[in-house]
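Quick note: the sequence shown uses the working numbering, first residue 239, plus one each step. Virtual Cβ for every residue (Gly too), placed ideally from N, Cα, C. In this text, all values refer to a predicted model and were calculated from it rather than measured experimentally. Here is the structure we will look at.
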Amino acid sequence: MQVGAFAGYISFGWFADRFGRRLAFTAFMIAATAVVPIFAFGARSPITLLTIGPLVGYFAHGYFSLFGAMLAELFPTRFRASAQGFCYNGGRLASAAAPFAIGAAARRYGLGLAIAVDALFFGVGAVLVWLLPETKGAEL
239 MQVGAFAGYI SFGWFADRFG RRLAFTAFMI AATAVVPIFA FGARSPITLL TIGPLVGYFA
299 HGYFSLFGAM LAELFPTRFR ASAQGFCYNG GRLASAAAPF AIGAAARRYG LGLAIAVDAL
359 FFGVGAVLVW LLPETKGAEL
């Protein structure tokens with residue numbers, strides 16, 4: 239999984255510069271929405287873990303390399319540092335609930351279903367990113 243994440247971190251910037259921030263983010267989110275449930279339900283053997291795990295890492299983590307550039311492009315210089323800090327830490331605060339929510343759902347419905355349902359948030363991100371302006375090539 240970490241090998242895939244590392245490759246995703248390195249390559250995502252190229253995709254975002256070539257195709258635009260929103261389109262690249264959407265593609266990674268849709269792919270993550272698809273591959274995470276496959277991993278959650280199908281990762282029953284070491285071979286499956288080693289083949290699907292890097293794909294999960296690539297798509298479900300690679301987009302993180304976008305945040306520094308895109309957040310800098312979204313906010314004017316005067317507010318940039320505060321806005322980036324707010325966005326990063328607001329996301330951390332919201333994601334702090336995820337382990338508790340997945341744990342509670344896993345206890346009731348099983349871990350595979352809990353992780354698969356959690357993957358729907360990637361799909362939500364794929365839609366919500368279109369509420370933001372495209373920042374590819376934006377002047378800072």
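Straight-line Cα distance separating residue j from residue i
i	j	result
P314	G361	28 Å
C325	F305	9 Å
G323	M308	13 Å
L312	F266	20 Å
Closer than 7 Å: residue i CB and nearest the ligand COA heavy atom
i	result
F313	The ligand COA is absent from the structure shown, which contains no ligand whatsoever.
Residue i, DSSP secondary structure in three states
i	result
R282	coil
A335	coil
F317	coil
Point to revise | the region 240 to 247 / the region 343 to 358 touching (three or more Cβ pairs under 8 Å) | key: no
Exercise for review: Tell me, please, whether the region 291 to 298 touches the region 265 to 274 by the rule of three or more beta-carbon pairs shorter than 8 Å.
Suggested key: yes
Review point. So does the region 247 to 267 actually touch the region 334 to 342, counting three or more Cβ pairs closer than 8 Å?
Key: no
Point to revise | Minimum length 4: unbroken alpha helix (DSSP H) runs contained in the region 263 to 310 | key: 284 to 299
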